[in-house]
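Residue numbers (my numbering): 18 to 484. Shown next, in structure tokens, is the structure this report addresses.
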């Protein structure tokens, strides 16, 4: 008997962050392809576009937002027209772009198929395979969120494949949106990127002369990686200036977390990514800072692209004794609580600030949301990425892979969706970090806030018992 949709959602309840993956150590979270027995048969079709049809059906039947044929096929048509123009078509030769859709799933797809045939006929030297793949890409992009996207067969070959040990340049990168270039969000001290002059906020536009603006984060990471000591040329857009850096790849270690006492008695823990034993490292850091007299703590998640879901849960659980961190909600509306791991809780009633910014994503957003929902900390900084959800990969007939978001992540306190443009975590106190700002205004604001909390705690009356 095939598994139920609920079983599928549990089986694939891993946070998928393919847009926000770190380049630092080039460690990608594992993602199992859907077993063959879960690949359902397609409905009979009279069209020749089997890959587009398969992608359309998966999105109609599985995507958490229940997209309409209008949304998907309008996106598909936009993708096809853009590709046709690359192949030599013009507005004057292409048929009118609008489709008269009725909302009937398969009759609408048949209309789209006819339009795709007409566009191919009007395109000099048309490559119908590329036009069809552009349609699939357009459908995925029409979902307007970071967990649904298409990998063509060439790009799909590296998906979920173990990579041999390689070296890199020492940066963390992300892709803020589907149409945005890759952005450097952290340069690791002492690495080739640091020595060569690459800076936070730089946009990577080429690697060894190849345009990478339309690639996913992990694909750019794979192009940057290579044997130790070999050169790689990175094309950078910095403001309006285009720069080129040729760097020699090197091996380097990336700390899972860094911590220390700042401004006298405020402890700071910076978590750049959620991989490996990072939760244990953060737990040890909290204990160490408490032992060293920290009166308040800053958990710095700025630039943390997420990673392992269990690490996110465990780190939040250090500060939350019991309760639900977030909810996972399927397309049927049923909510599954993601609760704390009580084994990690540390009974340390010190004021806590969680620092976030636009590059805090996925698991980092779960940590911030869970701590705030349970009243365990105060969130400061800027709005987070809004890139947190549960995804599922599906094989397509052309050998490509379609990633589909199958559950939403919702705030445990407010019920607000956290995944999507303009969503994410809005801080309790917004503190901007202007480009080129002297010092660290966000960290300074966090310390100032904790100073008031620590002072109030110190000034509270103490009641003594006579013995």
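All C-beta atoms, glycine included, are put in the ideal place defined by N, C-alpha and C.
Can you check which of these residues, the options, is closest to residue i by C-alpha distance?
i	options	result
residue 125	93, 101, 405 and 137	93
residue 164	404, 441, 306 and 269	404
residue 278	308, 372 and 363	308
residue 280	312, 250 and 296	312
residue 366	393, 191 and 100	393
residue 460	372, 209 and 243	372
residue 236	264, 167, 99 and 86	167
residue 142	272, 102, 323 and 186	102
residue 406	439, 340, 339 and 326	326
residue 340	225, 386, 469 and 133	386
Whole angstroms are fine: how far does the CA of residue j sit from the CA of residue i?
i	j	result
residue 267	residue 82	43 Å
residue 314	residue 449	20 Å
residue 383	residue 303	19 Å
residue 80	residue 300	36 Å
residue 408	residue 423	6 Å
residue 59	residue 73	Because the pLDDT of residue 59 is 42, which lies under 50, any placement of that residue in the model is unreliable, and the question is left without a value.
residue 355	residue 207	38 Å
residue 428	residue 250	42 Å
residue 118	residue 77	15 Å
residue 192	residue 433	23 Å
residue 154	residue 420	11 Å
residue 232	residue 342	33 Å
residue 441	residue 378	8 Å
residue 105	residue 348	41 Å
residue 173	residue 276	38 Å
residue 333	residue 256	36 Å
residue 95	residue 238	28 Å
residue 234	residue 195	10 Å
residue 310	residue 464	15 Å
residue 344	residue 246	46 Å
residue 100	residue 127	20 Å
residue 159	residue 469	46 Å
residue 6	residue 462	Limits of the chain in this structure are 18 at one end and 484 at the other, which puts residue 6 out of reach.
residue 346	residue 224	39 Å
residue 109	residue 258	36 Å
Return yes when the Cβ of residue j is within less than 9 Å of the Cβ of residue i, no when it is not.
i	j	result
residue 201	residue 217	yes
residue 269	residue 214	no
residue 430	residue 390	yes
residue 69	residue 107	no
residue 488	residue 435	Residue 488 lies beyond the stretch modelled for the chain, which goes from 18 to 484, so this question has no answer here.
residue 90	residue 116	yes
residue 363	residue 317	no
residue 111	residue 140	yes
residue 388	residue 447	no
residue 380	residue 293	no
residue 151	residue 75	no
residue 443	residue 283	no
residue 176	residue 368	no
residue 145	residue 137	yes
residue 170	residue 439	no
residue 445	residue 395	yes
Leaving aside the five residues before and after residue i along the sequence, list all residues of the same chain whose C-beta is less than 6 Å from its C-beta, in chain order.
i	result
residue 253	219 and 260
residue 67	414
residue 222	198, 230, 252 and 254
residue 374	319, 398 and 399
residue 329	291, 380, 383 and 384
residue 401	373, 377, 382, 441 and 442
Step through the CB atoms of chain B and report whether any lies within less than 9 Å of the CB of residue i.
i	result
residue 267	Looking for chain B here will not work: only one protein chain is present.
Using 8 Å as the cut-off, classify the Cβ of residue i as near or not near the heavy atoms of the ligand MG, replying yes or no.
i	result
residue 82	Absence of the ligand MG is noted for the structure shown, with no ligands found whatsoever.
Please work out which residues of its chain come closer than 7 Å, Cβ to Cβ, to residue i, disregarding the five sequence neighbours upstream and downstream, and give them in chain order.
i	result
residue 331	296, 358 and 361
residue 274	286, 287, 288, 295, 298, 299 and 302
residue 210	186, 187, 188, 204 and 264
residue 122	77 and 86
residue 243	183, 184, 249 and 266
residue 132	94, 112 and 116
Between which residues of its own chain and residue i is the CB-CB distance below 8 Å, once the five residues before and five after are set aside?
i	result
residue 437	161, 162 and 403
residue 135	112
residue 41	Since pLDDT at residue 41 reaches only 34, below the 50 mark, its modelled position is unreliable, and no value is offered.
residue 458	448, 449, 450 and 451
residue 120	85, 86 and 87
residue 248	263, 264, 265 and 266
residue 13	A query on residue 13 cannot be resolved here, the shown segment of the chain reaching from 18 to 484 and no further.
residue 335	296, 299, 300, 303, 361, 362 and 363
- request: Only counting runs of 4 or more residues, tell me where the alpha helix (DSSP H) segments fall wholly within the stretch 401-444, in order along the chain.
  value: Restricted to the stretch 401-444, not a single alpha helix (DSSP H) segment is unbroken, complete and at least 4 residues in length.
message: Quick check for students: name the residue ranges of the beta strand (DSSP E) that lie wholly in the stretch 117-192, counting only runs of 3 or more.
response: Those beta strand (DSSP E) runs which fall completely within the stretch 117-192 and span 3+ residues are 166-168 and 188-191.
- request: Run through the stretch 360-404 for me and flag every whole beta strand (DSSP E) of 3 or more residues, listed as ranges in chain order.
  value: The stretch 360-404 contains, as complete beta strand (DSSP E) runs of 3+ residues, the segments 369-373 and 395-398 (chain order).
message: So within the stretch 279-350, which uninterrupted beta strand (DSSP E) runs reach at least 3 residues, ignoring any that extend past its ends?
response: Correct list: 283-287, 313-317 and 341-347.
task: Would you mind listing the alpha helix (DSSP H) stretches within the stretch 216-268 that are 4+ residues and don't spill past its ends, in chain order?
output: At a cut-off of 4 residues, the continuous stretches assigned as alpha helix (DSSP H) that sit fully inside the stretch 216-268 are 234-241.
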